[in-house]
Every structure is written in structure tokens, then in C-alpha cells.
Amino acid sequence: MNMFERILASLHEAALEPSRWPNASGLIDEVLGTRGSTLACGDGETATDYRTHFMWICHLGQRRRDLERFWYETYYPLDERIPRLRRLPFNRLFHIAELYTDEERNASEAYNVLRTVGHAGNAIDVRLNGLGGSRVLWEINDRADGEGWSSAQLDMIRRLLPHVRNTVHVLQTLAHANSLGETLTEMLDRTGLRIVQLDARGRIVAANDRARDLLRRGDGLLDRDGFLAARVKQDDDRLQALLNRALPPFGAQGSGGSTIVRRSGALHPLMLRLCPVGRRQASFPAWPVAALVLIVDPEKEQDIDPAEAAAVFDLTRMESRVAVLLAQGKSVSQIAALMGRKESTIRSHVKNMLAKHGCTRQAELTRMVQSLAAAGKGRG
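According to this note's numbering, the residues represented by the sequence shown are 176 to 555, in order.
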């Protein structure tokens, strides 16, 4: 197997398993004699609209998460090149220096960091079309010997372009297919929960019938130009803060949480539970579903199925049993006696669940699980 074939094989592996991308990047470094690369994907048209789904910076076959955070959090907002990158034609190679003015190459903080820390002062940038209107940026860093780019090296990059693009397309397609686990997919059709699916930018992707009816009525919750919103400003402020935590930029794993939304008259307030897609998708956000919003009425009482609690709130079998007993008003000591376990074991499960869902008090966890009672009522 020649070197080009080895690279293609590694790209195929990376398409099925994102953690294999650094290996592919390392082989590309080897054949090009380069210092690393950056692969990024995002969508949106303007600075306020744009969303980065992932950014992988690699150096000699190793992923550099430290540089990813350093760059994205500190210098990305300062980089004069970014708006120009979004307008580049697809599949054309550009020397990074071409994307800065003469003055910027001398004064730009971002370009200076790219040149000195990122070893990308003479990098090659190319923009590729992703799925669903997304765009992919592939940046190949400087040559390790400090020389300029040869025509043979540029030709090799061009040969690799369709294969790198295909790697990202497969990742996107698989993430789309797997964004909802089988259990949750079935729940969309068979439970009494109102469920709204959101993409990584918080836009409504889909909703089941009960949720669509609720949003259409606009009593408490509504669809505001494609985004989920609450009618009362105070409730909406809390909802938007929750959405920001659940759908952070940079493809980071979001944190779930709960909030209430008041309705008119004597109707009980709605309870919302935001569930980011599982951690298995953290390295490449689910496409297009990034989070589920479960809308329930916490005042309705009904038996809670531990299996359903496990599926909805990403709990283990033991955690879900403990959570349901807590929701039924049992104390830790009573649960330990019922399950034949030590109290310390039960407390450990409670602690894990609190940490998993960002709760600070056991009462929050209890209310969260009690909210599932509406699902049982809806099936009855």
C-alpha cells in the first residue's frame, strides 16, 4: 500500500470514528512535510449568525485541544481573515497571507499567533461545502523545513480535497442518523410528552404532534421565527439562558437543565427539560438534532416507568430506580432498605445524578423525574 492509499484508508476510518482524524492528519503531515492542520465546520452567514460545530487542531498526529481552546476563545474573534474565509469559492487553495492586507500582516494579533504559535504563517486554506448548508475549512500548516510550497505538494492537497470532504460528509450523515437513540425515537411517537428537537443554533428542527399543537396555540410557549420562546419575558430570559448552556459554541458538550413557563388563567405552568444529545456525540455535534426539549405538566400524577426515566434523562438502570423512588417521596434510608443496598451507595447514585444534570439540590432532581408523570397520563 503506497502512502496515498494509506491516507485514504485512514480518512475512511476517521469518517466512521472521529477520534481517528489525528491519525489521518499525521499521515498527511508525513507525505507533505507539514507541521499539522486544522479541520473545522460551521454554518451561518454573518458574525452574529455563524456557529462553529467543531474545530480540530492537530500537530504531528496529535490533537491539540489546548490550542483549540486558546485560539477559539482568544483570537478567533480578532481574526480579520474570518469574514473573508466565509466568502471564498469552494475547492480553491489560498495562501493564508493572501487573506490579510499588508497592514494586517504586520499588525494583526491573530496572524502573529498563527505564524508563531500555530506554525501557519504560510498555511494553505481551502473551503469545502458541507451538508445542510454547512461549510468546511481545511487549513494545512507550514512546511516543517520552512520552505515554500512546491507544485507537487499543492497537487497532492488538491487530490485529497474530495476525500477530506467525503470524510466530513460521512461524519455528518452518521451523526444525523444516530442523533436520537432508538428508545428516544420510539418515545416521539408513543409517549404523552411534548418533544421539540433543536439544532446546534437553537432553531426548531421538528416537533411531535403534541408539541406542535402547543406551540401553535402560543399559550406559554411559542415558535418565534423558528426559535423556541416563552411569552412572559421573565420566563423567556430563563429559557434562553438554559438554551445557551445546553447549546454552547465550538461543539462543546452542553449541560441539561429545567425551567418553568407560565400559562394564562388557572392552567398549571409547563415544565421544560432540556436534554443535549449524549456525550458520544460531543466530538461531532449531532446533525441536525443537538438537543431535545421535553415539555411536561409537573402537576399531573401518574406512575413513573424507571426504563423511561433512564431513557429520557440518560440514567443507568440503578440510577433510574433510585430516581423514581425519590420522586415517589421515599428517603435515602427507605430506598436503601427497599433495594437492599447501603445508604452510602444510594447517596453515591444521587450525587452522580445531580452532577450529570447540573442540579444542586435533591429537590430539583425529584421535580425533574416527577415531570415524567405527564407522559403516563398522556398514554392513558
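Glycine included, each C-beta is placed from N, C-alpha and C at the ideal position.
Residue i versus residue j - alpha carbon distance
i	j	result
Thr-227	Leu-242	16 Å
Leu-418	Leu-214	26 Å
Ala-482	Gly-395	30 Å
Met-331	Ala-498	56 Å
Ile-510	Gly-504	10 Å
Val-206	Gly-431	43 Å
Tyr-286	Ile-299	14 Å
Ser-309	Met-543	35 Å
Gly-562	Gln-428	This structure cannot settle anything about residue 562, because the visible part of the chain is limited to 176 through 555.
Asn-304	Val-292	28 Å
Arg-318	Ile-203	12 Å
Phe-179	Arg-334	9 Å
Gly-377	Phe-265	27 Å
Ala-530	Glu-314	37 Å
Ala-190	Val-311	14 Å
Arg-448	Ser-433	4 Å
Ile-521	Asp-489	17 Å
Asn-177	Leu-390	57 Å
Trp-196	Ile-479	42 Å
Asp-398	Gln-545	26 Å
Arg-290	Ala-272	10 Å
Ala-466	Ile-379	10 Å
Cys-216	Phe-229	6 Å
Met-362	Val-468	Note that Met-362 has pLDDT 45, beneath the 50 cutoff, so the model's placement of it is unreliable and the number below is only indicative. Met-362 and Val-468: Cα-Cα distance of roughly 13 Å.
Ala-184	Glu-279	40 Å
Tyr-225	Arg-261	10 Å
Arg-267	Gly-236	25 Å
Arg-340	Val-288	27 Å
Thr-223	Met-514	52 Å
Coarse secondary structure for residue i, derived from DSSP in three states
i	result
Val-468	strand
Trp-246	helix
His-228	strand
Phe-269	strand
Glu-483	helix
Trp-196	helix
His-234	strand
Ser-433	strand
Val-206	helix
Ala-352	Low confidence applies here, because Ala-352 scores a pLDDT of 47, under 50, leaving its location unreliable and the question unanswered by this model.
Thr-213	strand
Asp-320	coil
Pro-258	helix
Leu-390	helix
Asn-304	strand
Glu-188	helix
Asp-277	helix
Pro-252	helix
Val-345	helix
Glu-220	coil
Leu-263	coil
Leu-396	strand
Gln-545	helix
Same chain, Cβ closer than 6 Å to residue i, neighbours up to 5 away in sequence not counted
i	result
Phe-425	Thr-227 and Tyr-247
Leu-186	Ala-199, His-338 and Thr-342
Leu-274	Arg-256 and Arg-259
Phe-269	Asp-300
Leu-445	Gly-395, Val-436 and Ile-470
His-294	Arg-210, Asn-316 and Asp-317
Arg-239	Ile-232
Val-407	Arg-437
Asn-297	Asp-317
Arg-392	none
Cβ shell of residue i (< 7 Å), same chain only, five flanking positions each side left out
i	result
Arg-492	Ala-485
Ala-282	none
Ala-381	Gln-372
Ala-386	Arg-369, Ile-370, Val-371 and Ile-470
Lys-517	Ala-511
Ala-405	Gly-395, Leu-396, Asp-411, Leu-414 and Val-436
Arg-181	Leu-202
Minimum Cβ-Cβ distance from residue i to chain B less than 7 Å
i	result
Asp-394	Going by chain labels, chain B is absent from the structure shown, which holds only one protein chain.
Any non-hydrogen atom of the ligand SAH closer than 6 Å to residue i Cβ
i	result
Arg-413	Within the structure as shown, the ligand SAH is missing, as the structure has no ligands at all.
Sequence-distant residues of its chain with Cβ nearer than 8 Å to residue i (five each side left out)
i	result
Val-525	Val-497, Leu-501, Val-507, Gln-537 and Leu-540
Asp-412	none
Cys-534	Met-528, Leu-540 and Met-543
Leu-422	Leu-373, Ala-375, Arg-376, Gly-377, Gly-429, Pro-451, Ala-465 and Ala-466
Glu-594	The question about residue 594 has no answer here: the residues shown for the chain are numbered 176 through 555.
Review point. What runs of the alpha helix (DSSP H), each 4 residues or longer, lie entirely inside the region 487-523?
Key: 492-502 and 507-514
Point to revise | Given 8 Å, three or more beta-carbon pairs between the region 250-263 and the region 204-211 | key: no
Check your understanding: What are the start and end residues of each continuous alpha helix (DSSP H) run of 4 or more residues lying completely inside the region 398-425, in chain order?
Key -> 408-421
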